[in-house]
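Chemist:
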Amino acid sequence: MTRLLRLALSLAAALVPPVACAQESDPVQLTVRAVAARQTGQYDEAITLARRAVERDSAHADAARVLVRALADVGRYDEATAAAERYRASTQGATDLDVLLGDAFRARGLAGAAREAYRRGLAGRDSLTARLQLATLLLEGGSRDEAMRAFDGFIDVYRTHRSRLTADELRVVAVACRYLGRDNPQLYKDALRVYDEAIARDSTNLDTRTELGLLFLEKYNGTDARAMLEGVLAANPRHPRALLGMARVTAFGGRGDASPLVRQALDVNPSDPELRAQAALLLIDVERYDEAAAEAIRGLAADTGAAAPLTALAAARFLSGDTANFERALQRAHARLPGSADAEVILADVAARNRLYREATAFAAQGVARDPKAARALALLGVNQLRLGAIAEGKESLVRSFALDPYDPWSKNTLDLLDTFDDYVELRTPRFVIVAERKDAPLLSLYVGPLAEAAFDSLAARYGYRPTEPVRVELFRSNADFSVRTVGLVGLGALGVSFGPVVAMDSPAARTIGEFNWGSTLWHELAHTFTLGATANRIPRWLSEGLSVLEERRARPSWGADVSPEFLAAYAGGMLVPPSRMNDGFMRPRFPQEVILSYYQGSLIAEWIEQLRGMDGIRAMLAGYRGGAGTTQVVRDVLGMDLAQLDTRFDAYVRSRFARELGAVTIDTAGARTQGIRWNGTFADAMREATRMAEGQQWDAAVRELEKAKALLPSYAGEDSPYRTLARIHLVRGDTTAALRELQAMTARSEVAYAANIQLEALAAMRGDTALALAALERALYISPFDLAVHQRLAAYASSRGQHAVAVRERQAVLTLDPSDRVEAMYQLALAHATAGDVAAARREVLRTLDLAPNFEKAQALLLSLQEKRP
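In the working numbering, the protein residues as written are 62 to 932.
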């Protein structure tokens, strides 16, 4: 049992009503119970008990303190102010509550009154806290140098009086060190140490623990932040600041939905401006801008000049295209925080999260102009400059940022990655700059450039948009490097990302063979480049992702996600959000597979819309978004329906299109939210029975069950699909014709079936079907292009079928993979050029071969034949 849990249980026990009636009216006992109630989150009980204690003894300082604190905890700041002032009046101006009174005034935006209260508090028991709060008022008012001098004074207090400082006073010193860390980052370590001392001196102070958790998060340590805040919430599950901290930790980690935590905190304190601001920012993440603005406005109820909700309001107004109200809200935020970059940091982050990278860069630059020492503004400036392809400028910004904040892993990791760019080379095509690691570049250049150019032509025709500058495509051999390039941290689960003019993705070498198809990933990300460009980056996330997956399916028959048992089970079980809330599926996942299933659902919505209105309808939607319209208006204008109708009609479409499949799959709801989707139903029954029959080598019965399963879900072609199992059984039984048929069906549906394609090629070659063998190997190359033997066989098939361009490409590929017989490989390339009719290229290559092996007879003969062909 943890120390905090024991504390929570002991405090809860203190709430048991005493037997003696005298204790019911004893202010001391009432205060003890009030403190325990507040400590465990029973704020109403704490307020009731503390009020009774104050009624019995109006001069009881501890009772009045817990009353004011509990009222502030739940956002009843007017009542907290009144209670503190009543205490002052009843005690002829005692200073015991002046700091708490100042805090209550401050929560209402009354900085002048707060300052006066803090000044009075300098003579009381909370004198050190009063000094701290006066310094923070100086900082917020723009008197930064004076504030820093005041904070510096706390270091002397600590050095001189360390052993005599109370837990609260140690907390004050820790806060001062946090502020001083801006100019001297090493002082963050001092802040951590002093927080630890404060907690050791009073482990029951949950507010101090919460502050330490927030410090961990401020310095990018999500793991320790979570552990600290979880400890607080174990003792007090309703602690509003700890709930806010946990929401931020959740958002920081990019896993799960933080909004329920914010709502829990708002249930406790509906007046907290930071909570309202956080709720607004979470709504912005799912592009519900009007709701976000309303939430931010609610955050101004207690303090009309509160910077956090004003900044969130500015962000919502900006993203909804309301320029006048955006500027008004931002000016009001600036008035509260003169000379601070805080608002611009939020705006830059929000813009980037909504794929507005140029705007994010501009906001970050404005933040740096307001405060040149704002490390986070510099970091955001650098990262977004990199996203726009301004590599040198981005690196310079990140160097400056990291010098100011050496704890920032985003800046550190990105700078480390940039240092490795010396190992990368740039390859240029007419419309692309392709960046790849030097060792892979010669091979990848044969495939990436042509595929990118083909995608450009296809997507430009589809969307009526053409990027004006070359698109930069970066291929990272390490998935960790790709993750850093994308978000600054390792561990990103994505395969690629498009920033518009810059695409970053895993190289084919970054993952285990069969984990992804690099060709479809590149096509997917380039589709983002076009849809982002066509809408000035205003396209909603769900539609952009949906169109990208749809474009994958259009590009190649086997590419792009298709219906799976997980999707069918989740849809049948009501686990997926409707189209009107599709962004929630990406940004607020409620179960492990929701994001990946949302990609497929988004593609179904896009496909359905194209069926309804054609590509002209898709283009009209994109034009609407570019013009500043929201989804409600775009759907009404282009599709002629409201969002409720959109949801209803799409649901009918899915249930009609997949009627057979939905009837074959049911969801196992047990543990779905935490462990992921599991399915039952007739499809699963048939697969289980087939497995049982196969284990007993009852092949005919196994095949019957697998054929039944295949008929139920014909589009499903995973490694555990009926196609793969049928192919294996047919091979065991020696029926290569049937095995080939199943492998053909599987590889036509699965983009990652590398082993199946290689097996299909072998069977096709045995039958002399070089066309089928060639097609199988072409598909395999977009999964993994690094097998030299595959290129050799593909070259031979291409030559036999007169596909000379493919043969030349494959002979070039063989040379990039360092073949053991390099002379023979060079000769084969020369021969491929000659067969293709390119005498000049053939002569060049055969001369290179003879330079290496002057007596190589086949090369000599080829050169002689080429000489005879010269005019």
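Note that CB positions come from ideal geometry on N, CA and C, so glycine has one too.
It should be emphasised that the depicted structure is a prediction, and the values quoted were computed from it without experimental measurement.
For leucine 913, which residues from the same chain have a beta carbon less than 6 angstroms from its beta carbon, with the 5 sequence-adjacent residues on both sides left out?
Modeler: Counting only Cβ-Cβ distances below 6 angstroms, and skipping sequence neighbours, we find Val884.
Chemist: With 16 other CB atoms within 10 Å as the buried threshold, where does alanine 303 fall?
Modeler: So alanine 303 ends up on the buried side.
Chemist: Report yes if the C-beta distance between leucine 583 and alanine 874 is below 8 angstroms; otherwise report no.
Modeler: Cβ atoms of leucine 583 and alanine 874: not closer than 8 angstroms.
Chemist: Counting pairs of Cβ atoms below 8 angstroms between the region 336 to 356 and the region 94 to 113, do you hit three or more?
Modeler: Output reads no: the region 94 to 113 does not touch the region 336 to 356.
Chemist: Note down, in chain order, each residue of its chain lying with its Cβ closer than 7 angstroms to the Cβ of leucine 72, except the 5 sequence neighbours on either side.
Modeler: In this predicted model, leucine 72 has a pLDDT of only 40, less than 50, meaning its place in the structure is not dependable enough to derive any value.
Chemist: In the DSSP output, which residue or residues are listed as bridge partners for tryptophan 740?
Modeler: The partner list for tryptophan 740 (beta bridge, DSSP) reads Ile728.
Chemist: For leucine 925, name the three-state secondary structure that DSSP assigns.
Modeler: Note: leucine 925 maps to helix in three-state DSSP.
Chemist: Confirm, please, whether the CB-CB distance from glycine 594 to glycine 561 is below 8 angstroms.
Modeler: For glycine 561 and glycine 594, yes; Cβs fall inside 8 angstroms.
Chemist: For leucine 658, collect the residues of the same chain with a Cβ closer than 7 angstroms to its Cβ; drop the 5 residues on either side in sequence, then sort them by chain order.
Modeler: For leucine 658, where only same-chain residues beyond five positions count, the Cβ hits under 7 angstroms are Glu627, Phe628, Ala631 and Leu637.
Chemist: Spatial neighbours of isoleucine 407 within its chain, please: C-beta separation below 6 angstroms, excluding the five flanking residues on both sides.
Modeler: Thr372.
Chemist: So, glycine 182 versus aspartate 159, is the Cβ gap smaller than 8 angstroms?
Modeler: Their beta carbons are under 8 angstroms apart, which means glycine 182 touches aspartate 159 by this criterion.
Chemist: Report yes if the C-beta distance between glutamate 420 and alanine 412 is below 8 angstroms; otherwise report no.
Modeler: The answer is yes: Cβ separation under 8 angstroms.
Chemist: Bridge partners for tyrosine 485 per DSSP, in chain order?
Modeler: Looking at the DSSP assignment, tyrosine 485 forms a beta bridge with Glu498.
Chemist: Nearest CA to the CA of alanine 616: which residue from Thr910, Ala788 and His585?
Modeler: Considering only alpha carbons, the answer is His585.
Chemist: Kindly indicate which three-state DSSP category threonine 547 falls into: helix, strand or coil?
Modeler: Because threonine 547 sits at a pLDDT of 49, beneath the cut-off of 50, its placement in the model cannot be relied upon, and the following sentence gives the value as read from the coordinates. Note: threonine 547 maps to helix in three-state DSSP.
Chemist: Among Thr730, Leu723, Thr529 and Asp712, which has the Cα closest to the Cα of phenylalanine 591?
Modeler: It is Thr529 whose Cα lies nearest to the Cα of phenylalanine 591.
Chemist: Check whether the region 662 to 678 touches the region 359 to 374, counting contact only when three or more Cβ pairs, one atom from each stretch, lie closer than 8 angstroms.
Modeler: Contact between the region 662 to 678 and the region 359 to 374 is absent, because fewer than three Cβ pairs lie under 8 angstroms.
Chemist: Tell me which same chain residues have a C-beta within less than 6 angstroms of the C-beta of alanine 751, skipping the five on either side of it?
Modeler: Excluding positions up to five away in sequence, the list reads Ala763, Glu766 and Leu767.
Chemist: Can you tell me which of Thr727, Arg753, Gln662 and Met807 puts its alpha carbon nearest to the alpha carbon of threonine 743?
Modeler: When each option's Cα is compared against that of threonine 743, the closest is Thr727.
Chemist: List the endpoints of the continuous beta strand (DSSP E) containing glutamate 530.
Modeler: Careful: glutamate 530 lies outside any beta strand (DSSP E) and carries neither H nor E.
Chemist: Glutamate 918 to lysine 500, Cα distance in whole Å?
Modeler: Approximately 32 angstroms, taken between the alpha carbons.
Chemist: Sorted by chain position, which residues of the same chain lie with C-beta nearer than 8 angstroms to leucine 504's C-beta, five sequence neighbours on each side aside?
Modeler: Excluding positions up to five away in sequence, the list reads Pro846, Phe847, Ala874, Thr877 and Leu878.
Chemist: If you follow the alpha helix (DSSP H) that serine 151 is part of, which residue opens it and which one closes it?
Modeler: First-last of the alpha helix (DSSP H) with serine 151: 138 to 151.
Chemist: Should leucine 611 go down as buried or exposed, given a rule of 16 or more other Cβ atoms within 10 Å for buried?
Modeler: The residue in question, leucine 611, is buried, as its Cβ has 16 or more Cβ neighbours within 10 Å.
Chemist: Measure the alpha-carbon distance for leucine 801 versus valine 867 and round it to whole angstroms.
Modeler: So the alpha carbons of these two residues sit roughly 24 angstroms apart.
Chemist: What is the residue span of the beta strand (DSSP E) that methionine 566 lies within?
Modeler: 563 to 567 is the extent of the beta strand (DSSP E) around methionine 566.
Chemist: Less than 8 angstroms between the beta carbons of histidine 865 and threonine 896, yes or no?
Modeler: Yes, they are a contact pair.
Chemist: Output the residue ranges of the alpha helix (DSSP H) runs that lie fully inside the region 297 to 344 and measure 4 residues or longer, sorted by chain position.
Modeler: With a minimum length of 4 residues, the continuous alpha helix (DSSP H) runs that stay inside the region 297 to 344 are 301 to 314 and 320 to 329.
Chemist: What residue range does the alpha helix (DSSP H) around valine 813 cover?
Modeler: Unbroken run through valine 813: none, as it is neither H nor E.
Chemist: Per the DSSP calculation, leucine 536 is bridged to which residue(s)?
Modeler: The partner list for leucine 536 (beta bridge, DSSP) reads Met566.
Chemist: When the Cβ atoms of the region 698 to 712 are set against those of the region 678 to 687, are three or more pairs found closer than 8 angstroms?
Modeler: Yes, since at least three Cβ pairs between the region 698 to 712 and the region 678 to 687 fall closer than 8 angstroms, the two stretches touch.
Chemist: Using a Cβ-Cβ cutoff of less than 7 angstroms, which residues in the same chain neighbour serine 458 once the five nearest sequence positions on both sides are dropped?
Modeler: Counting only Cβ-Cβ distances below 7 angstroms, and skipping sequence neighbours, we find Leu439, Leu442, Gly443 and Gln446.
Chemist: Thinking just about the alpha-carbon of each residue, which of Gly242, Phe424 and Thr227 is nearest to the one in threonine 269?
Modeler: The shortest Cα separation from threonine 269 among Gly242, Phe424 and Thr227 belongs to Thr227.
Chemist: Just checking, does the region 147 to 159 make contact with the region 116 to 131 on the three C-beta pairs under 8 angstroms criterion?
Modeler: The region 147 to 159 is in contact with the region 116 to 131.
Chemist: Tell me, which residues are paired with glycine 154 by DSSP?
Modeler: The partner list for glycine 154 (beta bridge, DSSP) is empty, contrary to what the question assumes.
Chemist: Going by Cα to Cα distance, which pick from Thr596, Glu454, Phe719 and Arg232 is closest to glutamate 272?
Modeler: Closest by alpha carbon: Arg232.
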